[in-house]
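Report on the structure given below.
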Ligand SMILES: Nc1ncnc2c1ncn2[C@@H]1O[C@H](COP(=O)(O)OP(=O)(O)O)[C@@H](O)[C@H]1O
Ligand SMILES: Nc1ncnc2c1ncn2[C@@H]1O[C@H](COP(=O)(O)OP(=O)(O)O)[C@@H](O)[C@H]1O
Ligand SMILES: [Mg+2]
Ligand SMILES: [Mg+2]
Ligand SMILES: [Mg+2]
Ligand SMILES: [Mg+2]
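Chains as they are written, first to last, in this note's numbering: chain A, 1 to 215; chain B, 1001 to 1215; chain C, 2001 to 2332; chain D, 3001 to 3332.
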């Protein structure tokens, strides 16, 4: 019977689980980035999540949800660099700021979390949905939870919908031309290749959903 | 019925014929040099003999044997560089000096020619027979003509003996360690590889002998 | 993958350590940072020039730190912009009270990270300005000029801006010089092979043994034209043609030229390319005031080169020719 | 073969043409010769330093022509010593009345050609002396020290001898300085790949994708140890160990270090190697007075590097640190 709430210790375990999932996809993410960017995205993601894992392992037991998110964001950003370092770092830190003092993530907190993440990535990166970036996956996940019918609103269900939506959105970026980021100079040559950042976000969502199902 | 003497026009034709023979072996000579040296010997030989060909084509009709040899040596040396440039250049120029005023190469002139060549290469390169150099082939050719029995002394016959002796000597260098030149630092690693300079000289001799037979 | 490295994830850090150990007469490494600063930093009263970006382009950027060049440089991981925090810390270490000019190639990751560092500095009342270098003609059409990425032209922009700062220009003045240098510089690259990323051990793109790609970016970003490798004179001809079509240089004007190797291409080939460039510019009526041939902005072990041309006026010329000293560039 | 060249047989000539076109502030090409001389040659009353050898090692030798370095340099074809005549002509063009010092790597072809040029010069009453550079530890055992070939240590010998000539030493004095520099310098190379000769389009030796060869010569002459490619620190360790076993440097002494790239190895790897060398020398009690990292003596597009160490006394130190300017090396 899956959990209905995510406590701070849960969130810490989830982030470690995400780190493992990302680590397994390092080569795949590099190859996606190699096709339309500079080939380093998998490395950066793995290194960043290893820093997150180390950071959440070292946090005080009394830490709240927002503390975990803010510290994770700072750790990710500090350890990586690249576009994704700032973007994902800001996403996590914004979610922390939006969930100030929060002790558990339930359905409404999940909505706040994804919404603040979308706002953060959009304002930092100045991209719009359809520009073939991580934003496409974040936006889809955010939409999926925002539009979940009242009756279907449970945390596991909403996370699974978010994961599915992010995955579909990430795959759909393959059909887009890029308007920002490295890939923006490639015109038609990026067609057929999904955006690595969007795929990364879908892996994060999938790992979160899976952890919740299994625990 | 092969020629019994080599006139200056013959010598000019012979040198062009040698140039062609060397040109055909460029890649082979490079590969021999690649095994125990720096891989440029075929290039150098071809470029040098192209210069010789151009030079003998431009000589005055009144030129004598020594003139052809001296000018060819200077042309070879000037166009190439490398160890072989000086060595073969000096060999040709020494032969020219030894055959001062000569109008035809007969059997005794051939002996003078090869003898002066051996002296020149030995004194310039400070090598001894057995050191795995061009000298081994020159020495063998010189010995072959010097020791031809009185009865066998005709120019075609002596040149063919010289050619055979140079060829055998060149192949025999494969069993030697090098004491001078680039290959001298390689110790046992040169065993099994013939010396490129010796092989080049055997190609020159073979082309000369062949030209005489065919003309 | 054949590389003289230790840990593939430590390439950026150990490169900076080696650089700082090799050239203590010009620069020093900041504690716990993959960053170097001028040995005499901070220089009081001078605008501080801070450059940086991903590693793998050596000597760019860290090799151009010293008197008359950058005051400091921060290196990220291979092809990855450094994070905001080390940029911020390096900026603090070189700040001489007259503000900071951030100079880096125009890449999304660098923009995001340097902008965030600029915010952090701004919050402390430190004056910061930014010029994003965008010399690569192949990376966007002329009407989207500001979207272009920076390649070896980075060198000209840093050289010029730093010389202006050395003249004790204020932040506006140094920024204006950098902008003018960037406006006046165009580059074009050609790749013969892909580099191999140490951490993945893989090439980042495929290219046949017969082909070259004109316009390839410094991280293997696809270019404008792929086709059979041509003789050097024709390659140079195509590259110079595209540069001059974009750079409004008129006959009689002076230019500076940089023929830059991408890492695995030896100097003899760069000189052969320069020989062609020199003739092409003469034919275009342009006079080469100063030329540089060598590895300035590389792409790990990629084979190929880039050509950068900066159109000079008297100010740019004075600033380009001003003295400088650093590990990778010295001019008397 | 992927190279930015035109005619493979014209690489040497077009390289020198490009060099002379790119750096007129330091040198000029002699008419009809693949040779460059200092822009202000001949320098009256100064011993003239003439270097040279086969092409394919750029910037060695021609890139090191200028004030405080060689007065002139003659280039042969790829890996082929120049013939006597151009050596002779270049010597004449730089002769300032105080004699000529010939400096080149100790290879049979170079010895034969330079010796013959020396004879030609001697016949005209020009004083000539010769130092054959022999820094490569891998090329002969210590008891056949004079048989060793020259590799990147050429740079130290030319730098020191030229600085001594610049001090207006006579021919004996400049020769003695060159000999001392040569006696005090040891090098060791490592190759990761073979280069490709332009005219043949082929590699000159085979090496597996996993292997390296320590001691490989600058023309692919086999080395002393072939085996699996090791981490950079271990490669440097093995090379420095062999150098120090041969160089009688005692703890407390000062040395100069050159980490030299062979052509296709990028600067980041050279800095990682230098980082290791620096630590190893410190552990050996030696203090690094000056270090240089970059491409000084290459082997076309070979991947790999060499390490050269020169033991310094006060004279060598003074001469090494003396100012110099040339296309490939500037020191204030
Ligand atoms: N301006 C931007 N807005 C939103 N996302 C962006 C932006 N720039 C880059 N990205 C995202 O970052 C991803 C690339 O990340 P990464 O490879 O780690 O960084 P870099 O491009 O600096 O090498 C892209 O796939 C895209 O999803
Ligand atoms: N000192 C020497 N004495 C005699 N022959 C020599 C000597 N040095 C080199 N050679 C000859 O020169 C050949 C190499 O010629 P080449 O490859 O053209 O010159 P390089 O060695 O300068 O590249 C060797 O195979 C050898 O026959
Ligand atoms: Mg990337
Ligand atoms: Mg050879
Ligand atoms: Mg990147
Ligand atoms: Mg040779």
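Glycine included, each C-beta is placed from N, C-alpha and C at the ideal position.
Below 6 angstroms CB to CB, which residues in the same chain sit around residue i once its five sequence neighbours on both sides are set aside?
{"i": "residue 3102 of chain D", "result": "3050, 3114, 3130"}
{"i": "residue 2303 of chain C", "result": "2192, 2193, 2264, 2265"}
{"i": "residue 167 of chain A", "result": "202"}
{"i": "residue 3023 of chain D", "result": "3327"}
{"i": "residue 41 of chain A", "result": "29, 33, 196"}
{"i": "residue 1114 of chain B", "result": "1141, 1142, 1145"}
{"i": "residue 3047 of chain D", "result": "3098, 3099, 3101, 3165, 3171, 3174"}
{"i": "residue 2337 of chain C", "result": "Because chain C in this structure spans residues 2001 to 2332, residue 2337 of chain C falls outside the shown range and cannot be described."}
Using a Cβ-Cβ cut-off of 7 angstroms (strictly less than) and excluding sequence neighbours within five positions of residue i, which residues of its own chain qualify?
{"i": "residue 3325 of chain D", "result": "3026, 3066, 3067, 3068"}
{"i": "residue 2175 of chain C", "result": "2101, 2129, 2131"}
{"i": "residue 213 of chain A", "result": "2, 156"}
{"i": "residue 2084 of chain C", "result": "2113, 2116, 2117, 2120"}
{"i": "residue 2271 of chain C", "result": "2293"}
{"i": "residue 1111 of chain B", "result": "1145, 1146"}
{"i": "residue 2321 of chain C", "result": "2290"}
{"i": "residue 46 of chain A", "result": "22, 23, 26"}
Pull the bridge partners of residue i from the DSSP assignment, please.
{"i": "residue 2203 of chain C", "result": "C:2196"}
{"i": "residue 3260 of chain D", "result": "D:3294, D:3306"}
{"i": "residue 3211 of chain D", "result": "D:3228"}
{"i": "residue 2027 of chain C", "result": "C:2038"}
{"i": "residue 3330 of chain D", "result": "D:3325"}
{"i": "residue 3288 of chain D", "result": "D:3255"}
{"i": "residue 6 of chain A", "result": "A:105"}
{"i": "residue 3311 of chain D", "result": "D:3255"}
With a threshold of 6 angstroms (Cβ to nearest heavy atom), would residue i be considered close to ligand 1?
{"i": "residue 195 of chain A", "result": "yes"}
{"i": "residue 190 of chain A", "result": "no"}
{"i": "residue 180 of chain A", "result": "yes"}
{"i": "residue 2147 of chain C", "result": "no"}
{"i": "residue 2136 of chain C", "result": "no"}
Given the structure, does residue i come close to ligand 3, in the sense that its CB is under 6 angstroms from one of the ligand's heavy atoms?
{"i": "residue 131 of chain A", "result": "no"}
{"i": "residue 2110 of chain C", "result": "no"}
Give a single yes or no on whether residue i has its beta carbon closer than 6 angstroms to a heavy atom of ligand 2.
{"i": "residue 1086 of chain B", "result": "no"}
{"i": "residue 1044 of chain B", "result": "yes"}
{"i": "residue 1127 of chain B", "result": "yes"}
{"i": "residue 1134 of chain B", "result": "yes"}
{"i": "residue 2031 of chain C", "result": "no"}
Measuring only from the beta carbon, is residue i closer than 6 angstroms to any heavy atom that is part of ligand 4?
{"i": "residue 2071 of chain C", "result": "no"}
{"i": "residue 1033 of chain B", "result": "yes"}
Tell me which same chain residues have a C-beta within less than 8 angstroms of the C-beta of residue i, skipping the five on either side of it?
{"i": "residue 215 of chain A", "result": "2, 3, 10, 13"}
{"i": "residue 2033 of chain C", "result": "2074, 2086, 2089, 2090"}
{"i": "residue 3079 of chain D", "result": "3054, 3055, 3056, 3197, 3219"}
Inset, instruction - Run through the region 3036-3117 of chain D for me and flag every whole alpha helix (DSSP H) of 4 or more residues, listed as ranges in chain order. - result: 3084-3094
Inset, instruction - Go through the region 1054-1137 of chain B residue by residue and report every complete run of the alpha helix (DSSP H) that reaches 4 residues or more, in order. - result: Runs of the alpha helix (DSSP H) spanning 4 or more residues and lying entirely within the region 1054-1137 of chain B occur at 1065-1079, 1082-1098, 1107-1125, in chain order.
Legend entry - Residues near ligand 5, criterion Cβ-heavy atom distance below 5 angstroms: A:38, A:40, A:82, C:2079, C:2080
Inset, instruction - Run through the region 3121-3202 of chain D for me and flag every whole beta strand (DSSP E) of 3 or more residues, listed as ranges in chain order. - result: 3128-3133, 3185-3191
Inset, instruction - Ignoring anything shorter than 3 residues or poking outside the region 2213-2237 of chain C, list the beta strand (DSSP E) runs there in chain order. - result: 2225-2228
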